[in-house]
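Everything on this sheet refers to the single structure shown next.
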């Protein structure tokens, strides 16, 4: 064991400090040119910082309005495809009524946002469209899909559930109790839309409560799938069945921080 | 910690759910119902039990212990004199939806409001299904013209 006196220890630490200063002086700041001798792989991307955005009551209301336009567009597309015929002619009638409801909802939540000093938002939510609705429509309308009409109903059902969940979730986020009540009054009607569409997809009283699919074990579509309103992701199985019988499943989630309609977001309609 | 205001409102809500639980019990075993109809009513009854119990847990020692006898008597009479229970049950569910939404206007706690919202969503679904058992008119399933009950 090496024994060092207090004086020697102090001398050693002073020497270490001086060495550090010399090395630092020999670095970049002393005028040395970088010879690129150190290998580098790729380049760090330039990061564009997001604008400062606050999740206010107005933002939540504008986001809800955007989803109403997503629903309207979904129904308009469904009707334009002209496939809701025969046994599904009743769904076409439902789609028209539901479209009117969604327009009323959009007007109502936009009016509330304007009351708060925000601008109304009359466009669909781009991210929700890009992530869920557009891909779903692509799958549904692909050649080989044996039942695009029922898949369109399934998409509408998923969008209605998404809207109902969104209103339910914003109740816990809105700061004004009156707005919470306004939100759930709209949300409860979205839930009614979803329940009626569920009865098209899985008709009869046996399709009301939760049941498992005998082949896949996954839950069947149900009008009243749980005792409390769920905020879980929404499964949408569509498209041409694979050899094992399964189909492409999209998971829809309520708008999050990257899909809210902040006050800086401008409708490009 | 719930405020006194929220405790009063939640106790009123729990009273209504207790009342609805008991109203469903009066019809759930009716022999005139099919097996599927009976199962449907049993499911909806169990949901109201769940609501009453969740509110009971929130309220703890402040929980309500009795149903609203006036509301019970009114709807029970109508259930007993109708050939089918669907229209009356629809009105009950619609009344709950309207009342709970009205209650949310005055509830201070956002968490409690969120719980109420999760109940309303399902009661609205139940109302829509009950409406389809009475008529093919879409408006009956979608529009809620029921009047909210007021806490006394």
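Protein chains in written order, with this note's numbering: chain A, 1 to 269; chain B, 1 to 152. Cβ atoms here follow ideal geometry from the backbone N, Cα and C, with glycine treated the same way.
Regarding residue i and the ligand PLP, is the C-beta to nearest heavy atom distance less than 8 angstroms?
i: residue 133(B); result: Because no ligand of any kind appears in the structure shown, any question about the ligand PLP cannot be addressed here.
Going by C-alpha to C-alpha distance, which of the options sits closest to residue i?
i: residue 252(A); options: 85(A), 108(A) and 127(A); result: 127(A)
i: residue 96(B); options: 1(B), 13(B), 64(B) and 6(B); result: 13(B)
i: residue 238(A); options: 217(A), 219(A) and 155(A); result: 155(A)
i: residue 235(A); options: 222(A), 153(A), 249(A) and 187(A); result: 249(A)
i: residue 6(B); options: 125(B), 105(B) and 134(B); result: 105(B)
i: residue 117(B); options: 101(A), 181(A), 209(A) and 87(A); result: 181(A)
i: residue 47(B); options: 75(B), 76(B) and 21(B); result: 21(B)
i: residue 187(A); options: 138(B), 124(B) and 134(B); result: 124(B)
i: residue 10(B); options: 57(B), 43(B), 37(B) and 23(B); result: 57(B)
i: residue 49(B); options: 128(B), 119(B) and 148(B); result: 119(B)
i: residue 98(B); options: 113(B), 147(B), 70(B) and 16(B); result: 147(B)
i: residue 65(B); options: 18(B), 40(B), 108(B) and 77(B); result: 18(B)
i: residue 107(A); options: 56(A), 74(A) and 67(A); result: 67(A)
i: residue 75(B); options: 59(B), 140(B) and 90(B); result: 90(B)
i: residue 85(A); options: 258(A), 152(A), 194(A) and 157(A); result: 152(A)
i: residue 203(A); options: 88(A), 41(A) and 40(A); result: 88(A)
i: residue 71(A); options: 143(A), 147(A), 102(A) and 139(A); result: 102(A)
i: residue 69(A); options: 212(A), 45(A) and 120(A); result: 120(A)
i: residue 206(A); options: 37(B), 26(B) and 24(B); result: 37(B)
i: residue 81(A); options: 169(A), 240(A), 160(A) and 138(A); result: 138(A)
i: residue 140(B); options: 193(A), 117(A) and 185(A); result: 193(A)
i: residue 143(B); options: 169(A), 116(A) and 185(A); result: 185(A)
i: residue 214(A); options: 118(A), 65(A), 42(A) and 245(A); result: 245(A)
i: residue 218(A); options: 247(A), 191(A) and 243(A); result: 247(A)
i: residue 159(A); options: 45(A), 254(A) and 168(A); result: 254(A)
i: residue 92(B); options: 16(B), 3(B) and 109(B); result: 16(B)
Check whether chain A comes within 9 angstroms of residue i, counting only Cβ atoms and requiring the distance to be less than that.
i: residue 89(B); result: no
i: residue 24(B); result: no
i: residue 200(B); result: Residue coverage of chain B in this structure runs from 1 to 152, which leaves residue 200(B) outside it and unanswerable.
i: residue 82(B); result: no
i: residue 50(B); result: yes
i: residue 39(B); result: yes
i: residue 43(B); result: yes
i: residue 60(B); result: no
i: residue 46(B); result: yes
i: residue 10(B); result: no
i: residue 54(B); result: yes
i: residue 28(B); result: no
I'd like to know if residue i contacts chain B, where contact means its C-beta is closer than 9 angstroms to some C-beta of that chain.
i: residue 177(A); result: yes
i: residue 78(A); result: no
i: residue 184(A); result: yes
i: residue 171(A); result: yes
i: residue 268(A); result: no
i: residue 260(A); result: no
i: residue 26(A); result: Model confidence at residue 26(A) stands at a pLDDT of 48, short of 50, so the residue's coordinates are unreliable and nothing is read from them.
i: residue 174(A); result: yes
i: residue 164(A); result: yes
i: residue 111(A); result: no
i: residue 168(A); result: yes
i: residue 23(A); result: For residue 23(A), the predicted structure reports a pLDDT of 49, less than 50, and the residue's modelled location is therefore unreliable. A value from the coordinates is still provided. Chain B, which has no Cβ nearer than 9 angstroms to the Cβ of residue 23(A), makes this no.
i: residue 62(A); result: no
i: residue 187(A); result: yes
i: residue 156(A); result: no
i: residue 127(A); result: no
i: residue 108(A); result: no
i: residue 191(A); result: yes
i: residue 58(A); result: no
Report yes or no: is there a C-beta of chain E within less than 9 angstroms of the C-beta of residue i?
i: residue 97(B); result: The displayed structure is made up of protein chains A and B, and chain E is not among them.
- Message: Tell me which residues of the stretch 213 to 247 of chain A have at least one Cβ-Cβ distance to chain B shorter than 9 angstroms, keeping chain order.
- Response: Correct list: 223, 224, 225, 226, 227, 228, 229, 230 and 231.
- Query: For the stretch 122 to 150 of chain B, which residues have a beta carbon sitting closer than 9 angstroms to at least one beta carbon of chain A?
  - Reply: Residues passing the 9 angstroms Cβ filter: 122, 123, 124, 125, 126, 127, 128, 129, 131, 132, 133, 136, 138, 139, 141, 142, 143 and 144.
- Query: With a cut-off of 8 angstroms, do at least 3 Cβ pairs link the stretch 70 to 85 of chain B to the stretch 19 to 35 of chain B?
  - Reply: The stretch 70 to 85 of chain B, when compared against the stretch 19 to 35 of chain B, does touch it at the 8 angstroms Cβ threshold.
- Message: At a CB distance below 9 angstroms, what residues from the stretch 101 to 120 of chain B approach chain A? Give them in sequence order.
- Response: Listed in sequence order: 101, 102, 103, 104, 105, 106, 107, 108, 110, 111, 113, 114, 115, 116, 117, 118, 119 and 120.
- With a cut-off of 8 angstroms, do at least 3 Cβ pairs link the stretch 251 to 265 of chain A to the stretch 198 to 216 of chain A? Between the stretch 251 to 265 of chain A and the stretch 198 to 216 of chain A, the count of Cβ pairs shorter than 8 angstroms is below three; the stretches do not touch.
- Query: Taking three-plus beta-carbon pairs below 8 angstroms as touching, is the stretch 219 to 234 of chain A in contact with the stretch 83 to 103 of chain A?
  - Reply: With a cut-off of 8 angstroms, the stretch 83 to 103 of chain A and the stretch 219 to 234 of chain A do not count as touching, because too few Cβ pairs lie within range.
- Item | Interface residues of the stretch 193 to 210 of chain A facing chain B [CB-CB below 8 angstroms] | Under the 8 angstroms Cβ criterion, the stretch 193 to 210 of chain A contributes 193, 194, 195, 196, 199, 204, 205, 206, 208 and 209.
- Of all the residues that make up the stretch 70 to 103 of chain A, which are near chain B by a beta-carbon distance shorter than 9 angstroms? Of all residues in the stretch 70 to 103 of chain A, only 90, 93, 94, 97, 98 and 101 place a beta-carbon less than 9 angstroms from a beta-carbon of chain B.
- Should the stretch 214 to 222 of chain A be regarded as contacting the stretch 106 to 119 of chain A, the criterion being three or more beta carbon pairs within less than 8 angstroms? Result no; under three Cβ-Cβ pairs closer than 8 angstroms.
- Item | Contained alpha helix (DSSP H) runs [length at least 4] in the stretch 48 to 92 of chain A, N- to C-terminal order | Qualifying alpha helix (DSSP H) stretches, in chain order: 57 to 81.
- Answer yes if the stretch 164 to 178 of chain A comes into contact with the stretch 57 to 64 of chain A, meaning at least three C-beta pairs across the two stretches below 8 angstroms, and no otherwise. Cβ pair count under 8 angstroms is three or more, so yes.
- Where are the beta strand (DSSP E) runs, 3 residues long or more, that stay fully inside the stretch 216 to 258 of chain A, in chain order? The stretch 216 to 258 of chain A contains these whole beta strand (DSSP E) runs: 234 to 238 and 248 to 252.
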